[in-house]
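Q: Residues in the sequence shown are numbered from 1492 upward in steps of one, following the working numbering.
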Amino acid sequence: MMAPSPPTQYLFDGGQSRAIRSSLQTIVEDNRAASAASFAVALYRPRGENLVVLAATGNDLELFSENEPVIAGTFPRGRRPARVDGFTIRSLLRNRSVELPSSIILPFSDEYGTGAVVVGNPSPQARPDVLEATRESLTIANAIRTARQVGAFRLQRDLSIALNAIAAANISISDPELRLQNMLQSGRSLLGSDVSYLATAEDSAGVFTFSQTLGIRTRGFKSLRVEDGHGLGGLARILRKPVRSINYSNDARLQSAPVAETRKEGILSAMAAPLMVEDHVAAVIYLADRRLRAYSPTDEALLNEFAGFAALAIEQNQMDVYRERQTLRRYREEMAYSLHDTVVRRLVEIGFVVEEGGRDPDFSTSQQRFQVIAHAVESAMDALREQISDIFAEEVPVQEVNAYAVMNRIMELRHSSTVARTHGENIDSKCSNLSATSAAALVRIGQEAIVNAERHSGCANIHVQLDTDDKTATLSVQDDGRGMSLDDQHRSAQSRVGHLGLRGMQDAANSVGGLLSFQTAAGGGLIVTAKVSRHESRNRL
């Protein structure tokens, strides 16, 4: 394929490039040290844009982030360093400011705008030495000019990689959902965002729903219905161009935005871009972060380039078929959640009571009855799992599932408010797909391990890790709770009337010839590890 054209003039760092910040960091630090100052920052204002932070450094100060929009005092004229008293820099993104009773300001300019390196001390007793300021204005402007060339080259390379990944997937993957998952992963990698998700039209009334997600955890957010003009995606649909929101909860441009659901999901900053097919919006792609991130015009231009190519990869007939399948899936999910919230939960509670009763020595005469009840509960659980599997069965069987989708299904499990969850992946792009049966087994094991940890271990933190290689996929769930003795591990693995959750994990691993192990973590807690073949196999590893 032809190389993509580079995004609009690289005036700010964007994507995964930090070329400008890297080139200025040394200059800023040199000026800070030479002037015996505790704080230094490089500010820049392109014509028609806000003043932003390009780089910052300091001692014991909470620094500004790159591209953070700020307001500040007036820069002195000329190109020579000048002392300015009472200079204040205040963030437009958050409640943060730096007041410098005495500062040295070195102004600079180029063909796109003006800026300054500001050094100073928040303490009024410490005055930086203006005579020791290093690096003249021309040196700073040249460093930025060179960094722009480096950054533009990096973004063009990253964009080519992302677009090639989409093109390759469109050739090699026939399933529309896997194609869209691949597209979301490519976009998330390109921008370096925490999460990505795709909204498609639910009906002809213009209501969009989130049909594919990567990294989204809460059911409430996934179930959102976005009307035309509502929220960030609705604005992007009206404007027909990418829109960035640095601080979503406080963005006055957004109408009827789902602020509560977005805050609960943990998203603070986001971008959205329409995917245009035959002059109408076929979908909206979102990239978002769980930290305040000053998405720059460079980020917006990069997303625009990516969205233009991604839209070409989505043929309208595939979108129509996918929309029908998504509507059916939503119905199936509602049925499955209903079953889980009623029958399954009660059966699990009965099972736990039986287990506790079976361990009580005063109930020795009732052991046989407890075993009968436990077997009945297990049988009912298995039958319900089979019914739920039937609900999720596709008209066309899915042969492969993306590993990121596996992690997504595990992490979307309902969350305990007292336990913090994190996750990580080490997934090579050439080893990212699993057989449907192996994927289902890992999802079941991962969710069972999380439920067991949250209910019984007394943990405060859970970390889920998924790694793949050319032959296997390895899932580990680690908590910092009470752990499990070796005797309990062996007894639960061998007994058919043992802990329902552990037995369910073992059954899932056995169904695909996988290996399941339990290990005590070094600092306390339990590590559950499942290793399965990436490909269809009944042979044990």
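For every residue, glycine included, the Cβ atom is placed at its ideal position computed from N, Cα and C. All of these numbers come straight from a predicted model, not from anything done at the bench.
Spatial neighbours of Leu1925 within its chain, please: CB distance less than 7 Å, with the 5 preceding and 5 following residues excluded, ordered by chain position.
A: Walking along the sequence shown from the start, residue 1925 turns up at place 434. So the qualifying residues of the chain are Glu1891, Val1892, Ala1894, Val1897, Ala1964, Arg2025.
Q: Using a threshold of 8 Å, state whether the C-beta atoms of Pro1733 and Ala1763 are closer than that.
A: The residue you call residue 1733 lines up with position 242 of the sequence shown. The residue you call residue 1763 lines up with position 272 of the sequence shown. A contact, by the Cβ cut-off of 8 Å.
Q: Determine the direct distance from the alpha carbon of Asn1917 to that of Asp1961, and round the result to whole angstroms.
A: Working through the sequence shown from its first residue, we reach residue 1961 at position 470. Working through the sequence shown from its first residue, we reach residue 1917 at position 426. When rounded, the distance between both Cα atoms is 12 Å.
Q: Which residue from Ser1665, Thr1709, Asp1770, Ser1687 puts its Cα closest to that of Arg1728?
A: Here residue 1728 refers to the residue found at position 237 when the sequence shown is read from its first residue. Taking only the C-alpha atoms, the option nearest Arg1728 is Asp1770.
Q: Please confirm whether Leu1681 and Gly1506 have their CB atoms less than 8 Å apart.
A: Locating residue 1681 in the sequence shown gives position 190, where the first residue counts as 1. Locating residue 1506 in the sequence shown gives position 15, where the first residue counts as 1. Yes, the Cβ-Cβ distance between Leu1681 and Gly1506 is below 8 Å.
Q: Give a yes or no on whether the C-beta atoms belonging to Leu1536 and Thr1605 are separated by under 8 Å.
A: To locate residue 1536, count along the sequence shown from 1; it is residue 45. To locate residue 1605, count along the sequence shown from 1; it is residue 114. One detail in the question is off: residue 1536 reads as Arg in this sequence, not Leu. In this structure, Thr1605 lies closer than 8 Å to Arg1536 by Cβ.
Q: Using the Cα positions of Ala2012 and Asp1958, report the straight-line distance between them to the nearest angstrom.
A: As a first step, residue 2012 is located in the sequence shown; it is residue number 521 there, counting from the start. As a first step, residue 1958 is located in the sequence shown; it is residue number 467 there, counting from the start. Distance between the alpha carbons of Ala2012 and Asp1958 is about 19 Å.
Q: What does Lys2022 pair with, by DSSP beta-bridge criteria?
A: The residue labelled residue 2022 in the question sits at position 531 within the sequence shown. Its beta-bridge partners are Thr1965, Leu2006.
Q: In this structure, how does DSSP classify Ala1638 when only helix, strand and coil are distinguished?
A: What you label residue 1638 is simply residue 147 of the sequence shown in a count that begins at 1. Three-state DSSP puts Ala1638 in a helix.
Q: Take Gln1672 as the anchor and find which of Ile1707, Leu1726, Ala1531 has the nearest alpha-carbon.
A: Working through the sequence shown from its first residue, we reach residue 1672 at position 181. The shortest C-alpha separation from Gln1672 is found at Ile1707.
Q: DSSP three-state call for Asn1612: helix, strand or coil?
A: Taking the first residue of the sequence shown as position 1, residue 1612 is located at position 121. Strand.
Q: Looking at the structure shown, is Met1902 part of a helix, part of a strand, or coil, going by DSSP?
A: In the sequence shown, counting from the first residue as 1, residue 1902 sits at position 411. Of the three classes helix, strand and coil, the one that applies to Met1902 here is helix, per DSSP.
Q: Rounded to a whole number of angstroms, what is the C-alpha to C-alpha distance between Ala1932 and Ser2008?
A: Along the sequence shown, one-based indexing puts residue 1932 at 441. Along the sequence shown, one-based indexing puts residue 2008 at 517. Approximately 14 Å, taken between the alpha carbons.
Q: Please report the straight-line C-alpha distance between Gln1500 and Leu2017, rounded to a whole angstrom.
A: Sequence index remark: in the sequence shown, residue 1500 carries index 9 (1-based). Sequence index remark: in the sequence shown, residue 2017 carries index 526 (1-based). Going from the Cα of Gln1500 to the Cα of Leu2017 covers about 51 Å.
Q: Do the CB positions of Ile1580 and Val1589 come within less than 8 Å of each other?
A: On the sequence shown, position 89 is the one that residue 1580 refers to. On the sequence shown, position 98 is the one that residue 1589 refers to. Yes, Cβ-Cβ distance for Ile1580 and Val1589 is below 8 Å.
Q: Thinking just about the alpha-carbon of each residue, which of Gly1539, Leu1584, Gly2004 is nearest to the one in Tyr1603?
A: The sequence position of residue 1603 within the sequence shown is 112, counting from 1. Among Gly1539, Leu1584, Gly2004, the Cα nearest to that of Tyr1603 belongs to Gly1539.
Q: Whose C-alpha, out of Leu1726, Ile1657, Ala1607, is nearest the C-alpha of Ala1533?
A: The residue given as residue 1533 occupies position 42 in the sequence shown. Looking at the Cα atoms, Ala1607 is the closest of the given residues.
Q: Which residue's Cα is closest to the Cα of Val2019: Ala1951, Asn2001, Glu1939, Ser2002?
A: The residue you call residue 2019 lines up with position 528 of the sequence shown. The shortest Cα separation from Val2019 among Ala1951, Asn2001, Glu1939, Ser2002 belongs to Glu1939.
Q: Taking contact to mean 3 or more Cβ pairs, one atom from each stretch, closer than 8 Å, check whether the stretch 1707 to 1723 and the stretch 1747 to 1758 are in contact.
A: Yes, they touch.
Q: If I'm right that Val2003 touches Ser1929 with Cβ under 8 Å, what's the distance once you round it to whole angstroms?
A: Here residue 2003 is taken as the residue at index 512 of the sequence shown, counted from 1. Here residue 1929 is taken as the residue at index 438 of the sequence shown, counted from 1. With 8 Å as the limit, Val2003 and Ser1929 qualify as a contact, their Cβ atoms being about 5 Å apart.
Q: Rounded to whole angstroms, how far is the Cβ of Val1686 from the Cβ of Ile1737, which I believe are closer than 8 Å?
A: In the sequence shown, counting from the first residue as 1, residue 1686 sits at position 195. In the sequence shown, counting from the first residue as 1, residue 1737 sits at position 246. With 8 Å as the limit, Val1686 and Ile1737 do not qualify as a contact, their Cβ atoms being about 16 Å apart.
Q: Per DSSP, Gln1746 is paired with what?
A: Translated into the one-based positions of the sequence shown, residue 1746 becomes position 255. Its beta-bridge partners are His1721.
Q: Taking the C-alpha atoms as reference points, what is the distance between Gly1974 and Gly2014?
A: Here residue 1974 corresponds to residue number 483 of the sequence shown, with the count starting at 1. Here residue 2014 corresponds to residue number 523 of the sequence shown, with the count starting at 1. Taking the straight line joining both Cα atoms gives about 10 Å.
Q: Going by the beta-carbon positions, is the gap between Ile1901 and Val1942 smaller than 8 Å?
A: Within the sequence shown, residue 1901 is the residue found at index 410, counting from 1. Within the sequence shown, residue 1942 is the residue found at index 451, counting from 1. No, the pair does not count as a contact, with Cβ atoms beyond the cut-off.
Q: Assuming Leu1689 and Leu1675 make a contact with CB atoms under 8 Å, what is their CB distance in whole Å?
A: Counted from its first residue, the sequence shown places residue 1689 at position 198. Counted from its first residue, the sequence shown places residue 1675 at position 184. The pair is a contact, with the Cβ atoms about 6 Å apart (cut-off 8 Å).
Q: From Val1910, Ile1631, Asp1601, Gly1611, pick the residue whose C-alpha is nearest to that of Thr1517; which is it?
A: The residue given as residue 1517 occupies position 26 in the sequence shown. When only C-alpha atoms are compared, the closest one is Ile1631.
Q: I need the straight-line Cα distance from Arg1636 to Pro1598, nearest angstrom please.
A: Here residue 1636 refers to the residue found at position 145 when the sequence shown is read from its first residue. Here residue 1598 refers to the residue found at position 107 when the sequence shown is read from its first residue. If I take the Cα positions, the gap works out to 16 Å.
Q: Suppose the cutoff is 6 Å on Cβ atoms and the five residues either side in sequence are ignored; what does the same chain contact list for Glu1791 look like?
A: Counting from 1 along the sequence shown, the entry for residue 1791 is found at position 300. Cβ neighbours of Glu1791 beyond the five flanking positions: Pro1733, Arg1735.
Q: Could you check whether Gly1995 and Lys2022 sit closer than 8 Å to each other, using their CB atoms as the reference points?
A: Walking along the sequence shown from the start, residue 2022 turns up at place 531. Walking along the sequence shown from the start, residue 1995 turns up at place 504. No. Outside cutoff.
Q: Going by DSSP, what residue range makes up the alpha helix (DSSP H) through Gln1956?
A: Here residue 1956 refers to the residue found at position 465 of the sequence shown. No alpha helix (DSSP H) holds Gln1956; the beta strand (DSSP E) holding it covers 1952 to 1959.
Q: For His1771, which residues does DSSP report across the bridge?
A: Your numbering for residue 1771 matches position 280 in the sequence shown. His1771 pairs with Val1768.
Q: Give the DSSP bridge partners of Glu1891, in chain order.
A: Translated into the one-based positions of the sequence shown, residue 1891 becomes position 400. Beta-bridge pairing links Glu1891 to Ser1926.
Q: Among Thr1691, Val1717, Ala1761, whose alpha-carbon lies nearest the alpha-carbon of Ala1774?
A: Your numbering for residue 1774 matches position 283 in the sequence shown. Residue Thr1691 is the option with its Cα nearest to Ala1774.
Q: CA-CA distance, Asp1489 and Pro1765?
A: What the structure shows of the chain is the stretch from 1492 to 2032, and residue 1489 is not part of that stretch, so it cannot be assessed.
Q: Rounded to whole angstroms, what's the CA-CA distance from Ile1776 to Pro1613? Just pull it up for me.
A: The sequence position of residue 1776 within the sequence shown is 285, counting from 1. The sequence position of residue 1613 within the sequence shown is 122, counting from 1. Taking the straight line from one Cα to the other gives about 43 Å.
Q: Thinking just about the alpha-carbon of each residue, which of Phe1701, Ala1531, Ser1967, Asp1998 is nearest to the one in Leu1515?
A: As a first step, residue 1515 must be located in the sequence shown, where it is residue number 24. The candidate whose alpha carbon is nearest that of Leu1515 is Ala1531.
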